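Engineer: What follows is a structure written as structure tokens; I'll ask about it next.
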Amino acid sequence: MNIGFRAQRRILPFVFLLPALAFFVVFQVYPLLKGFQMSFYHWELLPGRVSQFIGLENYINAFTDPIFLRASKPTLIYALVTVPGQMILAMLAGVLLNALPRGRVIFRVLYYVPVITSWVIVSLLIRYLFQSPEGLINYFLVNVLHVAKNPILWMNKASTAFIPILILGIWKGIGWSMVIYLAALAGVPKELQEAASIDGANSWQNFWRITFPLISPTIVFTLVMLLIGGFNVFISVYLITGGGPMQQTEVMLSYAYHQAFDYLDFGYGAALSYTMGIIIIILSLLQIKLFRKPQEVYA
Amino acid sequence: MKLKGKYFKNIILYLIAIIGAVAMIFPFLWMVSNSFQAHVFVITYPPKLIPDHPSFDNFIRAWTSNNFQLYFLNSSITAIAATFGAVICSAMAAYAFARFEFKGKELIFSIFLLVLMVPDIVTIMPKFLLAKTLGLRNSLWGLILFYIGMNISLNTFLLRGFFESQPKELEEAMVLDGANPFTVFFRLALPLAAPALATVTIFSFLANWDEFIWALTIIDDPLKRTLPIAIYSFQGQHGTEWGLTFAAMIIALIPVVLIFISLQRYFTSGLTTGAFK
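If you're matching them up, the sequences are chains A and B in order.
Oh and the first sequence: position 158 is 158 in my numbering, straight run, nothing missing.
Oh and the second sequence: position 249 is 548 in my numbering, straight run, nothing missing.
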């Protein structure tokens with residue numbers, strides 16, 4: 001029995017789509033919808049007990065929860081410090097490498113190494129370097145640079161405990177933006193810059209008047225991607241401070257995770273996650289609007 | 300005179316580039332150096348970059364202790380199976396999006412993209428419950444199947460762009476010669492897509508090899524751990540023995556570094572197709 005040609009043409013695309021669609025629906029779409037439902041319930045984990053619909057209560061609780069509100073501050077600080085930090089340093093590195101007559105590839109590889117290293121490894125590594133009192137950073141600050149009299153007890157105060165997290169966020173991300181900027185810089189026509197130089201523009205003017213406007217779409221692209229990544233901060237906080245001291249460095253997602261898996265309040269944890277998720281989705285939609293097609297942060 | 304100025308400028312540029320490279324690499328050098336220091340229970344003070352008595356002791360102990368080889372195997376199985384599954388499924392889906400017309404095509408694709416934007420951790424609680432219902436907790440299947448789900452939308456997005464950029468003529472000629480669509484896909488389109496497949500394979504593999512949160516959430520059984528979880532708990536057990544932990548980290552990093560160095564050009568091409576499409 002042959003299926004008719006038309007019918008075959010209609011079914012064919014779905015045969016190709018089926019495997020991906022099956023995984024996508026079961027392991028992505030379903031949890032997304034289920035989590036949304038959970039966020040409106042007092043969710044019972046034990047079998048036999050009925051979860052209770054409580055409407056917006058979890059969300060109302062979230063916005064009156066002092067720790068969640070406080071967690072928005074480290075989250076924002078993280079985004080506001082690491083995003084410009086990564087962009088500025090990556091741009092400097094990109095312009096620098098672009099100006100090198102040779103050896104660009106080796107530097108690009110070296111600058112990219114932190115990007116490909118897993119968050120677990122670099123987080124533990126940073127924690128080691130910032131150990132107190134006898135960590136390497138303290139050694140440099142006290143014995144080499146003499147800027148601190150005594151070793152700094154990094155993890156004892158929220159303000160200092162967050163510093164390694166911020167440094168890690170910047171350091172690990174520079175290579176990613178830099179590679180993208182390098183590709184954009186390579187696309188800037190040499191003739192334009194040469195013409196400007198002949199007209200008397202110095203390299204500073206050349207950068208701001210010619211290069212910068214031409215690569216600004218790329219800059220906006222990295223800005224949005226890094227913001228999304230910034231609000232996504234979790235593993236480094238979980239591994240470096242564990243949210244401590246006294247939950248003061250807890251970010252929104254680490255707090256949501258602790259609510260769910262330490263306190264087993266899944267409904268509340270889901271509401272917290274979705275509050276965060278909505279912010280990220282708004283940013284993403286903004287980015288789709290700006291670029292027509294969305295992207296994803298690699299590594 | 301002018302030549303001399305240029306020469307001087309280049310020296311300054313290289314100097315800055317080298318300082319930057321040291322800042323990016325130094326923590327790793329420190330890790331490597333410490334991993335060659337045997338039995339560091341107390342951190343030596345003042346710190347030394349070159350160990351006095353370098354030895355492979357930490358590597359041998361890390362490799363032979365605490366089921367580490369099993370964890371390496373678990374990670375390999377999981378990452379390879381999940382990457383293979385995700386790449387083949389998303390290549391087929393991307394081909395359908397690029398080459399066929401069907402109802403709801405752009406709608407389905409938009410949903411792929413929207414879900415791609417939601418961080419995986421936002422849905423970790425419902426995913427945990429799903430894994431529990433399906434009996435996938437404490438099993439590598441629980442990792443593999445969910446990783447495929449996590450990889451698919453990004454891969455599909457990247458590969459659709461690639462397939463669309465390819466000419467259709469060869470495929471059409473093959474159809475006229477009587478080949479069925481599957482032959483066309485597996486014999487022609489897929490081999491031609493090798494560079495793009497390499498890119499998504501690398502990114503999926505790294506993401507799967509390094510994945511931490513999901514594995515931490517569903518794996519309690521110590522025999523089912525993957526390397527990121529093993530390293531994390533290694534650090535807990537051997538709290539003061541950083542040399543040992545670093546040796547374990549370096550072993551976990553070796554495949555990543557090998558892939559990165561040998562397939563370097565695909566990293567850049569993958570990133571830039573993402574950025575400029």
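Glycine included, C-beta positions come from ideal geometry on N, C-alpha and C.
The structure displayed is predicted, hence computed values, not measured ones.
(1) What separation, rounded to the nearest whole angstrom, lies between the Cα atoms of A/ASN58 and A/PHE266?
(2) Excluding the five sequence neighbours on either side, which residues of its own chain have a C-beta within less than 7 Å of the C-beta of B/LEU439, listed in chain order?
(3) Is B/PRO346 helix, strand or coil when you go by DSSP?
(4) Do the segment 68-86 of chain A and the segment 163-180 of chain A make contact, defined as three or more Cβ pairs closer than 8 Å?
(5) DSSP three-state label for A/GLN52, please.
(6) Is it a yes or a no for the segment 204-217 of chain A touching the segment 155-169 of chain A, going by three-plus beta-carbon pairs under 8 Å?
(7) Quick one: grab the DSSP three-state call for A/PRO47.
(8) Suppose contacts are defined by Cβ-Cβ distances below 8 Å. Is A/TYR255 in contact with A/PHE23 by that definition?
(9) What in chain B is Cβ-close to A/MET38, meaning under 7 Å?
(10) Are the Cβ atoms of A/SER284 and A/ILE219 separated by less than 8 Å?
(11) Measuring CB to CB, does A/THR64 end up less than 8 Å from A/VAL251?
(12) Helix, strand or coil for A/TYR41 per DSSP?
(13) If we call anything under 8 Å between Cβ atoms a contact, is A/LEU136 one with B/PHE399?
(14) Please confirm if B/ALA492 has its CB atom under 8 Å from at least one CB of chain A.
(15) Does the beta-carbon distance from A/THR211 to A/LEU185 come in below 8 Å?
(16) Kindly list, in the order they appear in chain B, the residues whose Cβ is closer than 7 Å to that of A/LYS157.
(17) Got a sec, what are the start and stop residues for the alpha helix (DSSP H) A/GLU191 sits in?
(18) For the segment 165-181 of chain A, which residues have a CB atom closer than 8 Å to at least one CB atom of chain B, in sequence order?
(19) Between which two residues does the alpha helix (DSSP H) harbouring A/PHE261 extend?
(20) In chain A, which residues lie with their C-beta within 7 Å of the C-beta of B/SER389?
(21) Using C-beta distances below 6 Å, list every residue in its chain close to A/ILE126, excluding the 5 sequence neighbours before and after it, in chain order.
(22) Could you check whether B/LEU412 and B/SER452 sit closer than 8 Å to each other, using their CB atoms as the reference points?
(23) Drop a sphere of 10 angstroms on the beta-carbon of A/VAL25, count the other beta-carbons inside from all chains shown, and report buried for 16 or more, exposed for fewer.
(24) Contact criterion: CB-CB distance below 8 Å. Does A/SER197 meet it with respect to chain B?
(25) Please classify B/PRO353: does DSSP put it in a helix, a strand, or coil?
(26) Please determine, among B/LEU562, B/ASP520 and B/LEU552, the residue with the shortest C-alpha to C-alpha distance to B/ASN366.
(27) Name, please, each residue of chain A whose Cβ falls closer than 7 Å to the Cβ of B/ALA316.
(28) Does DSSP put A/GLN131 in a helix, a strand or coil?
(29) Just curious, the alpha helix (DSSP H) that B/TRP508 is in, first and last residue?
(30) Do you know how far the Cα of A/ARG108 is from the Cα of B/LEU328?
(31) In terms of DSSP beta bridges, what is B/GLN336 paired with?
(32) Buried or exposed for A/SER203, please, with buried defined as at least 16 other CB atoms from any protein chain shown within 10 angstroms of its CB.
(33) Going along chain A in order, which residues have a C-beta closer than 9 Å to the C-beta of B/ASN309?
(34) Below 7 Å between beta carbons is the criterion; list the residues of the segment 478-512 of chain B that meet it against any residue of chain A, in chain order.
(35) Give, in chain order, every residue of the segment 258-279 of chain A whose Cβ lies closer than 8 Å to some Cβ of chain B.
(36) Examine chain B for any beta-carbon lying closer than 8 Å to the beta-carbon of A/TRP154, and answer yes or no.
Structural biologist: Taking the coordinates as given:
(1) Taking the straight line joining both Cα atoms gives about 10 Å.
(2) Apart from the 5 residues on each side of it in sequence, B/LEU439 sits with its Cβ closer than 7 Å to the Cβ of ASN373, ILE376, THR377 and LYS523 in its chain, given in chain order.
(3) Looking at B/PRO346 - three-state DSSP - the assignment turns out to be coil, as it is neither helix nor strand.
(4) They touch, by the three-pair rule.
(5) Three-state result, A/GLN52: strand.
(6) At 8 Å Cβ cutoff, the stretches do not touch.
(7) Three-state result, A/PRO47: coil.
(8) The Cβ atoms of A/TYR255 and A/PHE23 lie no closer than 8 Å to each other.
(9) Neighbours of A/MET38 on chain B, chain order: MET424 and PRO425.
(10) Not closer than 8 Å, so no.
(11) Going by beta carbons, A/THR64 and A/VAL251 fall outside the 8 Å limit.
(12) DSSP places A/TYR41 in strand when its eight states are reduced to three.
(13) No; because the gap between Cβ atoms is not below 8 Å, this pair is not in contact.
(14) By this cut-off, B/ALA492 is not an interface position.
(15) Cβ atoms of A/THR211 and A/LEU185: closer than 8 Å.
(16) Result: empty, since nearest Cβ-Cβ is about 22 Å, beyond 7 Å.
(17) DSSP places A/GLU191 in the uninterrupted alpha helix (DSSP H) bounded by 190-198.
(18) So the close ones are TRP171, ILE174, GLY175, TRP176, VAL179 and ILE180.
(19) Element bounds for A/PHE261: 252-261.
(20) Taking the beta carbon of B/SER389 as reference, the chain A residues within 7 Å of it are ALA20, listed in sequence order.
(21) PRO164 and LEU168, listed in sequence order.
(22) Going by C-beta atoms, B/SER452 is nearer than 8 Å to B/LEU412.
(23) Only exposed fits A/VAL25, as fewer than 16 other CB atoms lie within 10 angstroms of its CB.
(24) Residue-level contact check: A/SER197 does not touch chain B, since none of the beta carbons of chain B fall below 8 Å from its beta carbon.
(25) Note: B/PRO353 maps to strand in three-state DSSP.
(26) Distance check between B/ASN366 and each of B/LEU562, B/ASP520 and B/LEU552 places B/ASP520 closest, using alpha-carbon atoms only.
(27) LEU96, LEU97, LEU100 and PHE107, listed in chain order.
(28) The DSSP-derived three-state label of A/GLN131 is coil.
(29) 493-509 is the span of the alpha helix (DSSP H), which, as asked, contains B/TRP508.
(30) Those two C-alpha atoms are separated by around 18 Å.
(31) Under DSSP, B/GLN336 takes part in a beta bridge, and its partners are B/PRO353.
(32) For A/SER203, the number of other beta carbons within 10 angstroms of its own is below 16, and it is reported as exposed.
(33) Neighbours of B/ASN309 on chain A, chain order: ALA99, LEU100 and PRO101.
(34) For the segment 478-512 of chain B, which is checked against every Cβ of chain A, the residues closer than 7 Å are PRO480, PHE502, LEU505, ASP509, PHE511 and ILE512.
(35) Correct list: ALA260, PHE261, PHE266, GLY269, ALA270, SER273, TYR274, MET276 and GLY277.
(36) False, the Cβ-Cβ gap to chain B never drops below 8 Å.
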